[in-house]
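Encoded as structure tokens, the structure appears first; notes follow it.
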Amino acid sequence: MSDLIRLDAVSRRFTLGGSEVAALDRVSLRVAEGEYLAVMGPSGSGKSTLLNVLGLLDRPDEGRYWLGGEDTATLSEPALAQLRGHRIGFVFQSFHLISRLTARENVELPLMLCGIAPTERHRRSQRLLGELGLENRAGHRPAELSGGQRQRVAIARAMAMAPRLILADEPTGNLDSHSGEEVITLLEGLNREQGITLVVVTHDPRLGERAGRRILMNDGHINTDSGGG
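In structure tokens:
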């Protein structure tokens with residue numbers, strides 16, 4: 011199976027308190043199409059920085075990142091934004107829903123930003139919310155939804171552009187055990203049934219064990235990789 015993600019010797023540095031810190035230090039990683047990868051490690055290990063680089067939210071200082079065979083280092087900011095909008099879906103611990111918008115409007119937002127016609131936006135949002143059991147909550151705002159329902163809306167939004175890659179940052183971190191199980195089962199179903207590549211950052215070893223492959227990060231390095239790559 012071909013690689014969707016390829017990082018070669020990627021480094022990302024920040025200056026904190028007058029000292030330079032390597033959040034990523036010559037990290038190399040390959041992730042195949044359709045793979046389910048858990049990224050684990052303590053706070054400050056580089057997990058979030060890695061996710062930001064993979065999501066094209068941040069550029070590395072050194073090294074190269076290919077996404078679907080495309081060298082992202084050669085792309086302008088508008089081209090990166092287009093690639094991110096069409097190929098990557100994000101699911102965050104804190105949901106990041108817009109409070110004044112309804113569930114349906116939150117799902118339709120990335121479609122609107124990508125210039126999708128209103129009738130097609132409505133069709134997709136209805137289908138996605140229906141598939142996630144939220145058809146009766148389409149007109150509700152986030153404050154009127156439970157934590158589990160908000161995260162399902164966030165998953166529907168992540169799926170709106172039919173991405174090849176979902177990046178999930180502690181997707182169950184703000185949920186009770188029952189809602190967390192529902193959310194991770196939904197994400198795993200997208201990986202298994204639709205072949206979407208799933209990368210999950212988690213502190214939870216039980217969640218990490220469910221992934222097909224696990225990497226453990228520390229001090230900006232990948233210390234262990236259960237897939238060997």
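Converting from the sequence shown to this note's numbering requires adding 10 to each position, the first position being numbered 1. The beta-carbon is built from N, C-alpha and C at its ideal position, and this holds for glycine as well.
Could you give the distance in angstroms between the alpha-carbon of residue i and the alpha-carbon of residue j?
i, j, result
"GLY237", "SER189", "29 Å"
"GLY79", "THR234", "25 Å"
"LEU144", "ALA91", "29 Å"
"ARG114", "SER135", "6 Å"
"LEU217", "GLY28", "37 Å"
"ARG16", "ASP229", "20 Å"
"ARG220", "MET227", "18 Å"
"LEU185", "SER12", "34 Å"
"ALA83", "LEU175", "19 Å"
By alpha-carbon positions, which one of the options ends up nearest to residue i?
i, options, result
"GLY158", "PRO173, ALA170, MET171 and LEU142", "LEU142"
"TYR75", "ASP18, ARG133 and GLY149", "ASP18"
"LEU77", "GLU43, ALA48, HIS106 and THR59", "GLU43"
"VAL41", "VAL210, LEU67, ASN228 and ASP229", "VAL210"
"ASN201", "ALA178, HIS132, LEU111 and CYS124", "ALA178"
Counting C-beta neighbours from all protein chains within 10 Å, is the total for residue i 16 or more, i.e. buried, or is it exposed?
i, result
"PRO70", "buried"
"SER55", "buried"
"ALA153", "exposed"
"MET122", "exposed"
"ILE108", "exposed"
"ARG147", "buried"
"GLU118", "buried"
"ASP81", "exposed"
Does at least one heavy atom of the ligand HEM sit under 8 Å from the Cβ of residue i?
i, result
"GLU87", "By its list of ligands, the structure shown contains no ligand whatsoever, and the ligand HEM lies outside what it can speak to."
Have a look at the DSSP bridge pairing and note the partners of residue i.
i, result
"GLY99", "ILE176"
"VAL31", "PHE24"
"THR182", "For THR182, which the question treats as bridged, DSSP gives no partner whatsoever."
"MET122", "According to DSSP, which records beta bridges pairwise, MET122 is partnered with nothing at all."
Three or more C-beta pairs under 8 Å: does that hold for the stretch 162 to 176 against the stretch 92 to 102? yes
Could you tell me whether the stretch 23 to 33 touches the stretch 190 to 198, where touching means 3 or more Cβ pairs closer than 8 Å? no
Does the pairing of the stretch 160 to 167 with the stretch 123 to 131 give three or more beta-carbon distances under 8 Å? no
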